[in-house]
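Here is the structure we will look at, set down as structure tokens.
Protein chains: 2
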Amino acid sequence: MRQTGLPEPISRLIETLSKLPGIGEKNATRLAFYILRAPAGFSESLSKAIVDTKKRVTFCQTCYSFASENLCEICKDTGRDKTIICVVEEPLDLIAIERSGEFRGTYHVLHGVISPIEGIGPEELKIKELIHRLKTENVKEVIIATNPSVEGEATALYLAKIIKPLGVKVTRIAHGIPVGGDIEYMDEVTLGKAIKDRKQL
Amino acid sequence: MRQTGLPEPISRLIETLSKLPGIGEKNATRLAFYILRAPAGFSESLSKAIVDTKKRVTFCQTCYSFASENLCEICKDTGRDKTIICVVEEPLDLIAIERSGEFRGTYHVLHGVISPIEGIGPEELKIKELIHRLKTENVKEVIIATNPSVEGEATALYLAKIIKPLGVKVTRIAHGIPVGGDIEYMDEVTLGKAIKDRKQL
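Residue numbers (our numbering), protein chains in the order written: chain H, 1 to 201; chain U, 1001 to 1201.
Have a look at this one:
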């Protein structure tokens, strides 16, 4: 799309914002105009927040989630159950599970899944770091919460295979029909899983 | 939504991004994580573009669109037809019309519409500046391209009333069924306009 008649700083802001995921050029234009009209304090704090995040955020040395110190908030929290580790693909998955409020253990972020097509093997992920934790910490259960995709399932199976010999219980998060989901429109794989994993009432 | 387990700089970035229009907390989280993972150059250029836009962009002293100098790109352009002025509510409307590639005249941005409910009268808008242009420049036609809302129509009628005595032709952009629109789902006001303003083939 052409952006004629716009001052260069706005065009550049629109162009940069368009690189963000899910932000098309029209959306970026709307955001740029909002930033332009908002009080100066807003653009300054947004700009500072962006730079700060990039500068001050690193990885937790235990679970490899994001952290601003050596350990993340969860690994530092003495109230969390350190005997259960929930393994996720990405930090965003961790946040989603935290929002559910159902889990009081700790996490381990793999930073991806095993994907031979994309050339990602187990050594590219934080798997040896997970095994190290299982060998040095007193862990009783590993919940594998990778996505229910082909790669996520393969990674779950791989992890189960190498963790079981360590004498640690390995579980997989349940798959089924989402709450509020409509059976009529559910895909057949999910429906198949939902029937296979049915629970007695 | 709670954002437990996140380092403070990320939480603050998410919070700030959530203030942008159309960006909810989930979306802001996704954007923050993208910024975090992108090369450092991206966060720096985004941060700089935000500050630059706010610092360097002002209003064109002729048409009141955004500009980085006294005049905007369109008012500076000697190739544009200065005898036709298209009046719009906001700079975003100007950009939308520019994208169509159908207009080679100049613009005038009102920065709002007359709205008694919100306490916005003609003196709050750039109307006297428009009248000044009509009196000092050689303008032959004013196209009123305010939105087809109650306020937009009222503003169009008000402008027509005060511009006509100056001997300048006043026109209104056409309303009707959008290209690709579905008559079946079109609202009755649009359909009414479409029939009333029908053109002979």
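We treat Cβ as the ideally placed atom computed from N, Cα and C, and that holds for glycine.
Residues near residue i by beta carbon distance below 8 Å, same chain, minus five either side
i: L1046/U; result: I1035
i: N1070/U; result: C1060 and Q1061
i: V168/H; result: L134, V139, K140, E141 and V142
i: V113/H; result: E89, I120, L125, T146, N147, S149, E151, G152, A154 and T155
i: L1020/U; result: A1028
i: D1197/U; result: A1174, H1175 and G1176
i: L1191/U; result: I1177 and I1183
i: E1073/U; result: A1067
Beta-carbon neighbours of residue i, restricted to chain H and to distances below 8 Å
i: P1178/U; result: Ordered by position in chain H, no residue passes the 8 Å Cβ test against P1178/U, which lies about 16 Å from the chain.
Neighbour flag for residue i against chain H, beta carbons, 8 Å
i: R1133/U; result: no
i: K1193/U; result: no
i: M1001/U; result: Confidence is the limiting factor: at M1001/U the pLDDT is only 45, short of 50, which leaves the residue's position unreliable, though a coordinate-based value still follows. Yes, M1001/U lies at the interface with chain H (some Cβ there is under 8 Å from its Cβ).
i: K1169/U; result: no
i: G1019/U; result: Residue identity differs from the one stated: residue 1019/U is Lys in this sequence, not Gly. It does; some Cβ of chain H falls within 8 Å.
i: D1182/U; result: no
C-beta atoms of residue i and residue j nearer than 8 Å
i: I1163/U; j: V1142/U; result: yes
i: T1016/U; j: A67/H; result: no
i: L1159/U; j: V1087/U; result: yes
i: D77/H; j: A145/H; result: no
i: I85/H; j: Y107/H; result: yes
i: V51/H; j: S1043/U; result: yes
i: T1053/U; j: P9/H; result: yes
i: G1203/U; j: R1080/U; result: Past the boundaries of the shown model lies residue 1203/U; chain U is included only from 1001 to 1201, so the question cannot be answered.
i: I1095/U; j: L6/H; result: yes
Proximity test, Cβ basis, 8 Å: residue i and chain U
i: M186/H; result: no
i: P173/H; result: Checking the sequence, you will find Ile at residue 173/H rather than Pro. Not an interface residue.
i: I95/H; result: yes
i: K82/H; result: no
i: D197/H; result: no
i: I120/H; result: no
Listed by chain order, chain U residues near residue i by CB distance under 7 Å
i: E8/H; result: S1068
i: T16/H; result: S1045, L1046 and A1049
Residues near residue i by beta carbon distance below 6 Å, same chain, minus five either side
i: K126/H; result: Y64, L110 and H111
i: R56/H; result: S68
i: I14/H; result: A28, T29 and A32
i: S1018/U; result: E1025 and A1028
i: L1166/U; result: L1134
i: R1099/U; result: none
i: S1115/U; result: E1151
Proximal residues to residue i (C-beta, below 7 Å), its chain only, five neighbours per side dropped
i: G22/H; result: none
i: P148/H; result: H175
i: F1103/U; result: C1086 and I1097
i: E1123/U; result: none
i: P91/H; result: S65, F66 and V109
i: E137/H; result: K82
i: C1075/U; result: C1060, T1062, C1063 and T1106
i: T1058/U; result: A1067
Amino acids of chain U, ordered along the chain, whose beta-carbon sits closer than 8 Å to that of residue i
i: N27/H; result: G1022
Per-residue contacts from residue i into chain H (C-beta, under 7 Å)
i: V1057/U; result: P7, P9, I10 and L36
i: L1013/U; result: A49, I50 and T53
Proximal chain H residues relative to residue i, where beta-carbon distance stays under 9 Å
i: L1092/U; result: T29, R30 and F33
Determine which residues of the stretch 1031-1054 of chain U have a Cβ less than 9 Å from any Cβ of chain H, and write them out in chain order. L1031, A1032, F1033, Y1034, I1035, L1036, A1038, A1040, F1042, S1043, E1044, S1045, L1046, S1047, K1048, A1049, I1050, V1051, D1052, T1053 and K1054
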